[in-house]
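A quick write-up on the structure given underneath.
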Amino acid sequence: MLTIKVTERPDVYEKTSRKQRTKLSGPVGTPQLKNSSGEILDNNEHVADIFATTFSSVFTIEPLGYIPKLSGPPNPISFGEIIFTPNLVCEKLRQFKVSKSPGPDHITAKILHMCVDTLIQFLMNHRQIPKEQHGFLPARSI
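Residue numbers for the sequence shown follow this note's numbering, beginning at 846 and rising by one.
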């Protein structure tokens, strides 16, 4: 393995990295396999057939209508008992690590940190976080 400092020999580094990129970006083939008689197969179709046969022998199709019973105790918390308050949502949004990459929505944690107060007001105004939970106000439930 060639170990060099980029600052000392940028020309060698560029040449080496170009070779590595060429190796990695080449065509992808199937590995050589032996069939049941011990012959090495070099035909991609035969190799694919062996993979398909092996996969189909271990793959099982579950019946669609049957759902097994769970052996553990039932979960006492239902979706109706989960309470989202503006303070709780703000707290969770502020716990996001700014150094992490964004999720599938492409919104970074830094943006959420900067806009959390405005975001909570928007969610409250559009009833995404209801002020009353399950038909009663928390202040009146005492």
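Where a beta carbon is used, it is the ideal one built from N, C-alpha and C, also for glycine.
Please list the terminal residues of the continuous alpha helix (DSSP H) segment that includes residue i.
{"i": "histidine 971", "result": "Premise fails: histidine 971 is in no alpha helix (DSSP H) and is neither H nor E."}
{"i": "aspartate 894", "result": "889 to 903"}
{"i": "glutamate 936", "result": "931 to 939"}
What does DSSP give as the partner residue(s) for residue i in the beta ladder?
{"i": "leucine 878", "result": "Leu886"}
Can you say whether residue i is buried or exposed, counting buried as having 16 or more other CB atoms within 10 angstroms of its CB?
{"i": "asparagine 970", "result": "exposed"}
Please report the Cβ distance between residue i and residue j, rounded to the nearest whole angstrom; I am assuming they are in contact, meaning their Cβ atoms lie under 8 Å.
{"i": "valine 943", "j": "histidine 958", "result": "6 Å"}
Exercise for the section: Say whether the region 932 to 944 touches the region 955 to 975, bearing in mind that this needs 3 or more beta-carbon pairs closer than 8 Å, one atom from each stretch. Expected result: yes
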